[in-house]
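S.K.: Here our numbering runs 2 ahead of the position in the sequence shown, where the first position is 1.
Once you've had a glance at the structure underneath, I'll fire off some questions.
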Amino acid sequence: MRSVLLGAGSYLPKRVLTNAELAQRVDTSDEWIVERTGIRERRIAASDEKTSDLACTAALNAMKAAEREAKDIDLIIVATTTPDLTFPATAARVQAALGINQGAAFDLQAVCSGFIFALATADNFLVRGQAKTALVIGAETFSRLLDWEDRGTCILFGDGAGAVVLEAQEDARERGVISTFLRTDGRMHDLLYVDGGVSETGTIGKVRMVGNAVFRQAVEHISAAMLEACARADVSIDTVDWFVPHQANQRILDGVARRLGIDVDKVVSTVGVHGNTSAASVPLALDTAIRDGRIKAGDLVLMEALGGGLTWGAALVRM
Ligand code: ACO
Numbered sequence: 003m004r005s006v007l008l009g010a011g012s013y014l015p016k017r018v019l020t021n022a023e024l025a026q027r028v029d030t031s032d033e034w035i036v037e038r039t040g041i042r043e044r045r046i047a048a049s050d051e052k053t054s055d056l057a058c059t060a061a062l063n064a065m066k067a068a069e070r071e072a073k074d075i076d077l078i079i080v081a082t083t084t085p086d087l088t089f090p091a092t093a094a095r096v097q098a099a100l101g102i103n104q105g106a107a108f109d110l111q112a113v114c115s116g117f118i119f120a121l122a123t124a125d126n127f128l129v130r131g132q133a134k135t136a137l138v139i140g141a142e143t144f145s146r147l148l149d150w151e152d153r154g155t156c157i158l159f160g161d162g163a164g165a166v167v168l169e170a171q172e173d174a175r176e177r178g179v180i181s182t183f184l185r186t187d188g189r190m191h192d193l194l195y196v197d198g199g200v201s202e203t204g205t206i207g208k209v210r211m212v213g214n215a216v217f218r219q220a221v222e223h224i225s226a227a228m229l230e231a232c233a234r235a236d237v238s239i240d241t242v243d244w245f246v247p248h249q250a251n252q253r254i255l256d257g258v259a260r261r262l263g264i265d266v267d268k269v270v271s272t273v274g275v276h277g278n279t280s281a282a283s284v285p286l287a288l289d290t291a292i293r294d295g296r297i298k299a300g301d302l303v304l305m306e307a308l309g310g311g312l313t314w315g316a317a318l319v320r321m
């Protein structure tokens with residue numbers, strides 16, 4: 003039994019926030035941001051746009067690409083750090099809004115690694131026969147967690163959503179999720195966290211980050227996760243057709259590619275125009291590369307991410 007990736011979809015809010023605009027709010031410049039991160043612009047959700055709205059549009063686009071309807075979906079996992087409400091799960095709202103009247107729906111919280119964790123979770127449900135067709139969504143209104151006076155974080159993040167439809171198939175002919183690797187190390191909590199929450203402060207809080215330390219952890223652990231996902235599948239990393247990384251910083255993408263000897267032309271990069279959209283970034287990049295014709299049926303794709311927790315992981319998928 004394999005979890006076959008039938009289709010992807012995404013959604014970006016209309017409002018573009020440029021580096022030049024940020025330079026009017028905090029002491030920074032377009033030149034500094036581009037040189038240190040590769041980010042030129044990011045999208046910001048409208049005040050009446052919620053994470054579930056972004057998630058629903060991405061999910062509908064993925065269902066269309068997968069040629070699946072509401073009646074087919076019996077599992078929804080929404081990876082998000084920015085739920086509409088503390089409860090119920092954003093996934094429950096997505097389920098109702100899409101007219102899906104069967105199966106389970108829940109949120110998963112692994113910050114920027116959320117989509118990889120959600121993909122691995124859905125894969126386990128499908129392979130065990132506990133669901134047949136899953137919507138795996140990464141959706142964030144991360145702009146609402148930002149301290150707009152902290153130049154070390156507010157320049158990095160943006161809003162968006164991406165989704166895939168996974169279906170359990172018995173005769174998948176090598177297609178589908180081949181291996182996944184997930185890891186959390188809670189000892190590195192203080193490198194990247196939000197300084198508020200229901201139980202500790204009764205507030206929402208803002209993102210706090212030791213950027214240069216996260217950077218070093220990211221290059222090391224992402225590289226190791228990619229090699230581990232390949233080793234678990236007994237696949238050489240040289241045979242991977244496309245790398246779809248979490249879009250945090252172009253220098254992290256380049257650092258990992260250098261470390262593993264990967265051709266940069268095989269690395270899908272959307273960070274310049276999306277910024278870091280946390281759990282949405284991997285499916286947004288995946289959908290971008292499918293739609294522009296780079297990723298095709300039969301290609302071997304390696305996705306990876308690292309985020310708060312710290313959490314990190316990788317997933318190897320044959321399209
Ligand atoms: N504009 C101008 N100067 C800035 C800015 C800014 N936006 N932000 C920081 N600086 C300054 C700092 O204050 C510091 O000044 P000082 O030397 O006078 O003290 C100087 O730049 C160097 O600071 P560093 O933090 O060492 O700069 P670095 O080159 O590491 O770049 C950055 C900072 C872009 C945050 C980088 O560390 C980074 O991208 N880290 C990864 C973090 C990340 O992506 N987190 C997202 C979640 S986890 C993930 O997705 C992987």
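Note that the Cβ used here is the ideal one computed from N, Cα and C, for glycine as well.
Because the structure is a prediction, the values reported are computed rather than measured.
(1) So, helix, strand or coil for Ser-181, using DSSP?
(2) Need the endpoints of the alpha helix (DSSP H) that Phe-117 sits in, please.
(3) CB of Gly-213 to nearest heavy atom of ligand 1: below 7 Å?
(4) Return the Cβ separation of Ala-250 and Ser-181 in integer angstroms, given the expectation that the two are a contact with Cβ distance under 8 Å.
(5) Pick out whichever of Arg-293, Ala-64, Trp-244 has its Cα sitting closest to the Cα of Val-270.
(6) Answer yes or no: does any C-beta atom of chain D fall closer than 8 Å to that of Pro-85?
(7) With DSSP as the reference, label Pro-285 as helix, strand or coil.
(8) Could you pull out every unbroken alpha helix (DSSP H) segment of at least 4 residues lying fully inside the region 240-283, listed in chain order?
(9) Confirm the yes/no value for this check: CB of Arg-153, any heavy atom of ligand 1, distance under 7 Å.
(10) For Ala-47, is the classification buried or exposed, using 16 other Cβ atoms within 10 angstroms of its Cβ as the cut-off for buried?
(11) If we count the other Cβ atoms within 10 Å of its Cβ and call it buried at 16 or more, is Ser-31 buried or exposed?
(12) Asn-21: buried (16+ other C-beta within 10 angstroms of its C-beta) or exposed?
(13) Could you pull the start and end residues of the beta strand (DSSP E) that Asp-55 belongs to?
(14) On the three-state DSSP scale, how would you describe Gly-188?
(15) Alpha carbon to alpha carbon, how far is Ala-231 from Arg-261? Give it in angstroms, no decimals.
(16) Taking the alpha-carbon positions, what's the Gly-11 to Ile-118 distance?
(17) Roughly how many angstroms separate the alpha carbons of Ser-54 and Val-96, rounded to a whole number?
(18) Is Trp-34 close to ligand 1? I mean its beta-carbon at under 7 Å from any heavy atom of the ligand.
(19) When the Cα atoms are used, what is the spatial distance from Arg-130 to Glu-172?
(20) Kindly list the residues whose CB is nearer than 6 Å to the CB of Phe-357, restricted to its own chain and excluding five residues on each side of it in sequence; keep chain order.
(21) Where does Ala-316 fall in DSSP's three states?
(22) Using 7 Å as the cut-off, classify the Cβ of Ala-220 as near or not near the heavy atoms of ligand 1, replying yes or no.
(23) Going by the beta-carbon positions, is the gap between Lys-208 and Val-216 smaller than 8 Å?
(24) If you follow the alpha helix (DSSP H) that Thr-20 is part of, which residue opens it and which one closes it?
(25) Is DSSP giving Gly-309 helix, strand or coil here?
(26) Keeping to the same chain, check which residues put their C-beta closer than 6 Å to that of Ile-102; ignore five residues upstream and five downstream.
(27) Considering only their Cβ atoms, is the gap separating Thr-143 from Ile-79 smaller than 8 Å?
(28) Examine ligand 1 and report whether any of its heavy atoms sits within less than 7 Å of the Cβ of Phe-217.
M.R.: Taking the structure as given:
(1) strand
(2) 116-129
(3) yes
(4) 23 Å between Cβ atoms; not a contact.
(5) Trp-244
(6) This model lacks chain D altogether, as it is built from one protein chain only.
(7) helix
(8) 252-262, 273-276
(9) yes
(10) buried
(11) exposed
(12) buried
(13) Here Asp-55 belongs to no beta strand (DSSP E); instead the alpha helix (DSSP H) covers 53-68.
(14) helix
(15) 16 Å
(16) 16 Å
(17) 6 Å
(18) yes
(19) 12 Å
(20) The shown model of the chain, from 3 to 321, leaves out residue 357, and the question about it has no answer.
(21) strand
(22) yes
(23) no
(24) Looking at the DSSP string, Thr-20 is not in any alpha helix (DSSP H); the run it does join, the beta strand (DSSP E), is 17-20.
(25) strand
(26) Ala-72, Ile-75
(27) no
(28) yes
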